[in-house]
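First the structure, in the form of structure tokens, and then the observations on it.
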């Protein structure tokens, strides 16, 4: 005869026991994320609503700090890396590309390519070298006759490119590729060509006006000084009658000036 067990004597597995009720303190609601937010994907936003404690404020701050860095790396473009050169328009510039390791003894497999990166077209071929010679069939028209590849330092891993008479339109990022049997290397160099300074036209070489005035004044002063110093001998004698008159108490006749009647009347 089996004995029935009352409800108070029934055994309950620990796994079947209901968990004690926990008091939940409502937290302050998080502000809604803007529709244009790029900080988190949509799934993360949904999880954040359901489980607000999964995205803690420190994590959110990390997103806020790190996202501008990532966006800056994306939007900065190729001009943000590599050494920078800032020549003036009209100068010759040498761009040095350095490989990670010197090439092997056999230079027949050496390939050197220089490109000017441009968005969104992709880039322009500046200079190419392979099969032991320059290959300029694909060279951009703007660089024809202006480039020269220097391989004197290729044993040390240096392939230099000389660009003659640079222009402001040459500004940009130049990417160099060096490939041989040992491997390949890539290097970027930023070139920023400054516009030429505006040159003022040279003034005409003529006698200044103030000098002309000084010379004229000096000549007038000289003429006046001569007239004052020499006096009457320089005045023309035309119209001045000359007569002979015996001086009082003298037996000789001396030439004396005889003024015109008008002058004599004015004197009396």
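Residue numbers (our numbering): 8 to 275. The beta-carbon is built from N, C-alpha and C at its ideal position, and this holds for glycine as well. In this text the structure is predicted, and so the values were computed from the model without any measurement.
query	result
Given 8 Å as the limit, is there contact between the segment 153-173 and the segment 105-113, that is, 3 or more CB pairs closer than that?	yes
Quick check: the Cα distance between residue 197 and residue 217, rounded to an integer number of angstroms?	53 Å
Measure the beta-carbon distance from residue 173 to residue 221 and round it to whole angstroms, keeping in mind my assumption that it falls under 8 Å.	Not really, about 49 Å apart at Cβ, beyond 8 Å.
In chain order, what residues of the same chain have a beta carbon less than 7 Å from the beta carbon of residue 123, not counting five sequence neighbours either side?	130, 131, 133, 179, 181
Going by other Cβ atoms of all chains shown within 10 Å of its Cβ, with 16 needed for buried, is residue 183 buried or exposed?	buried
Return the first residue and the last residue of the beta strand (DSSP E) that residue 124 is part of.	118-125
Are residue 116 and residue 187 close, meaning C-beta to C-beta below 8 Å?	yes
Only counting the same chain, and skipping five residues up and downstream in sequence, which positions put a Cβ closer than 7 Å to that of residue 98?	173
Nearest to residue 171 by alpha carbon, out of 120, 202, 155, 185?	155
Taking C-alpha atoms, which residue in 92, 90, 96, 91 lies nearest to residue 176?	96
Do you know how far the Cα of residue 215 is from the Cα of residue 195?	56 Å
Residues in its own chain within less than 6 Å of residue 137 by CB, not counting five upstream and five downstream?	118
Can you list, in chain order, the residues of its chain whose CB lies under 8 Å from that of residue 199, leaving out five sequence neighbours each side?	91, 92, 93, 178
Take residue 6 and list the residues in its own chain whose beta-carbon comes closer than 8 Å to its own, dropping the five residues that flank it on each side.	The chain is shown only over 8 to 275; residue 6 falls outside these bounds and no answer can be derived.
For residue 154, list the residues DSSP reports as bridge partners.	170
Look up residue 95 in the DSSP assignment and give the residues it is bridged to.	201
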